[in-house]
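Undergrad:
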Amino acid sequence: MTSNRWYVSITTLPSGQLFVLGGSNESLAVNRLATNNPTWELFPKPAGINAADYKPTFMQFMTDALPNNLYPNVYSLPDGNLYIFANQKSMIFNVERNEVIKRLPDIPGGPRSYPLTGSHVLLPLDPAKNYAHEILVCGGSEAQLQ
Numbered sequence: 001m002t003s004n005r006w007y008v009s010i011t012t013l014p015s016g017q018l019f020v021l022g023g024s025n026e027s028l029a030v031n032r033l034a035t036n037n038p039t040w041e042l043f044p045k046p047a048g049i050n051a052a053d054y055k056p057t058f059m060q061f062m063t064d065a066l067p068n069n070l071y072p073n074v075y076s077l078p079d080g081n082l083y084i085f086a087n088q089k090s091m092i093f094n095v096e097r098n099e100v101i102k103r104l105p106d107i108p109g110g111p112r113s114y115p116l117t118g119s120h121v122l123l124p125l126d127p128a129k130n131y132a133h134e135i136l137v138c139g140g141s142e143a144q145l146q
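Numbering-wise, full-length UniProt numbering puts 91 at position 91 of the sequence shown, and it's gapless, one number per residue.
Now the structure itself:
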């Protein structure tokens with residue numbers, strides 16, 4: 001990895017590369033702006049790029065989701081895009097173009113990401129429904145930070 005990351009999430013892309021997202025640059029319970037690592041990178045790095053020149057890519061979403069953005073949930077979707085969820089926020093993201101395809105509405109209620117973790121699951125893909133994806137997000141807790 002090209003940057004320090006605690007509480008990171010990793011998912012496998014259709015290419016076989018690993019998509020590494022977010023985290024903090026130190027050990028803590030709740031992230032903050034000073035420690036936030038709002039970036040993503042691929043492992044192994046893309047072919048043809050010198051290791052010294054490869055840098056993580058900034059993702060505004062991971063700053064918008066502070067302070068509950070550690071261990072973001074990431075799912076690879078059938079169309080090759082990613083579903084990313086942190087805190088109460090979610091989006092569809094295209095890695096190849098580094099582009100937010102769609103920001104989804106915030107989920108009401110308390111945070112659903114670490115340390116107030118809820119559960120998330122990509123429901124079974126059904127060929128009869130053209131493999132339309134549905135993601136269930138439930139649980140979490142109200143923040144009681146002081």
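In this text, a Cβ means the ideal position worked out from N, Cα and C, and glycines have one as well. Keep in mind the model is a prediction, meaning the values are calculated, not measured.
Reducing DSSP to helix, strand and coil, say where Met91 ends up.
TA: strand
Undergrad: Locate the beta strand (DSSP E) running through Thr11, then write down its first and last residues.
TA: 9 to 12
Undergrad: From the DSSP output, in three-state form, read off Ala52 for me.
TA: helix
Undergrad: Under the rule that 16 or more other beta-carbon atoms within 10 Å means buried, what is Leu104, buried or exposed?
TA: exposed
Undergrad: Return the Cβ separation of Pro108 and Val30 in integer angstroms, given the expectation that the two are a contact with Cβ distance under 8 Å.
TA: Not confirmed; about 21 Å, so no contact.
Undergrad: With DSSP collapsed to three states, give me the class of Ala47.
TA: coil
Undergrad: Candidates Asn69, Ser90, Gln88, Tyr83: which alpha carbon is nearest Leu28's?
TA: Asn69
Undergrad: In the DSSP output, what is Thr39 paired with across the bridge?
TA: According to DSSP, Thr39 bridges with Phe58.
Undergrad: Taking the alpha-carbon positions, what's the Ser16 to Leu82 distance?
TA: One point to set straight first is that residue 16 is Gly, not Ser, in the sequence displayed. Using only the alpha carbons, I get a separation of about 14 Å.
Undergrad: Check the C-beta distance from Gly139 over to Pro111 and give it rounded, since I have them as a contact under 8 Å.
TA: About 10 Å; that fails the 8 Å criterion.
Undergrad: Mapping the DSSP letters down to three states, classify Ala65 as helix, strand or coil.
TA: coil
Undergrad: Do you know how far the Cα of Asp64 is from the Cα of Thr39?
TA: 12 Å
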